[in-house]
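Novice:
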Amino acid sequence: MNNIPHRDLAGHTKIVVASHNQGKIREISALLKPFGLSVLSAADLELPEPEETEKTFAGNARLKARASAQATGLPALSDDSGLDVTALDGRPGIYAARWAELPRVEGGGRDFNMAMWHVNDQLGDSLDRTARFICALCLAMPNGENRIYEGTVEGKISWPPKGNKGFGYDPIFIAEGDTKTFAEIDPAIKQAKSHRADAFAKFMADQFPQSVS
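First residue of the sequence shown? That's 1 in our numbering, and the numbers climb one at a time after it.
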């Protein structure tokens, strides 16, 4: 990303959040609210979920955003994020959601309690509990152009899970400088310091420079 504001969204009044994850939709919608955009979601529009076949967060974010932009003719914003655990060589990484999948449940479904237990089991007695949440945000336009913004928040894995205010792996992640998990703190505080907020700050500086000047 260069230092010249792109302002691709100038003149647009609607944007699609390319996600079926209600937690992500809430967070992204809250972050977009100040900019006067009418926010729709892939879930609201009953768009199919594209298979995430890329090997990076940025690749999967681009895949999802492009699919929604092409299907609707509207700008689309997609987030692909995951938990990168140092002692697990970066796992679950881009497979964070897949660790929660329930293949034997009719119609699919995800159980992040199971996924969190899996992370803890994999860590075993390791003293290295450092981890980070990584977010790649992609803005895709109907004309095929797209831009990527990446954010990270460093922290550590905590056990047992605590809190019920977050989603995904939030109950076992404590950000650097904090003593409570992302699921224990107020959602507004989490939104201000999360990996998603970091990526959004870069997105806003690029698309809405007046808001950060």
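Glycine included, every Cβ here is placed at the ideal spot set by N, Cα and C.
1) Could you tell me how far apart the beta carbons of Asp80 and Phe57 are, in whole angstroms, since I believe they sit closer than 8 angstroms?
2) Mind checking whether Arg147 and Asp8 have CB atoms under 9 angstroms apart?
3) Going by the CB atoms, is the gap between Gln191 and Glu27 shorter than 9 angstroms?
4) I believe Tyr149 touches Ala199 by the beta-carbon criterion, under 8 angstroms. Please report the beta-carbon distance rounded to the nearest angstrom.
5) Determine the DSSP secondary structure at Lys55, reduced to helix, strand or coil.
6) Starting from Asp84, follow its DSSP beta bridges and name the residues at the other end.
7) Should the region 114 to 123 be regarded as contacting the region 45 to 59, the criterion being three or more beta carbon pairs within less than 8 angstroms?
8) Which stretch, first to last residue, makes up the beta strand (DSSP E) that contains Gly23?
9) Near His12, what residues of its chain come up, given a Cβ to Cβ distance below 8 angstroms and the 5 sequence neighbours on each side ignored?
Specialist: Working from what's here:
1) Here residue 80 refers to the residue found at position 80 of the sequence shown. Here residue 57 refers to the residue found at position 57 of the sequence shown. Correct: roughly 5 angstroms between the Cβ atoms.
2) Within the sequence shown, the letter at position 147 stands for residue 147. Within the sequence shown, the letter at position 8 stands for residue 8. Yes, the Cβ-Cβ distance between Arg147 and Asp8 is below 9 angstroms.
3) For the purposes of this step, residue 27 is taken as the residue at position 27 of the sequence shown. For the purposes of this step, residue 191 is taken as the residue at position 191 of the sequence shown. In this structure, Gln191 lies closer than 9 angstroms to Glu27 by Cβ.
4) For the purposes of this step, residue 149 is taken as the residue at position 149 of the sequence shown. For the purposes of this step, residue 199 is taken as the residue at position 199 of the sequence shown. Rounded to the nearest angstrom, the Cβ distance from Tyr149 to Ala199 is 5 angstroms, consistent with a contact under 8 angstroms.
5) The residue given as residue 55 occupies position 55 in the sequence shown. The answer is coil: DSSP assigns Lys55 none of H, G, I, E or B.
6) For the purposes of this step, residue 84 is taken as the residue at position 84 of the sequence shown. The partner list for Asp84 (beta bridge, DSSP) reads Pro92, Arg132.
7) When Cβ pairs closer than 8 angstroms are counted between the two stretches, the region 114 to 123 is seen not to touch the region 45 to 59, the count staying below three.
8) To locate residue 23, count along the sequence shown from 1; it is residue 23. Counted as a single uninterrupted DSSP element, the stretch harbouring Gly23 is not any beta strand (DSSP E) but the alpha helix (DSSP H) occupying residues 22 to 32.
9) In the sequence shown, the residue the question calls residue 12 occupies position 12. Here the set comprises Leu37, Leu74, Pro75.
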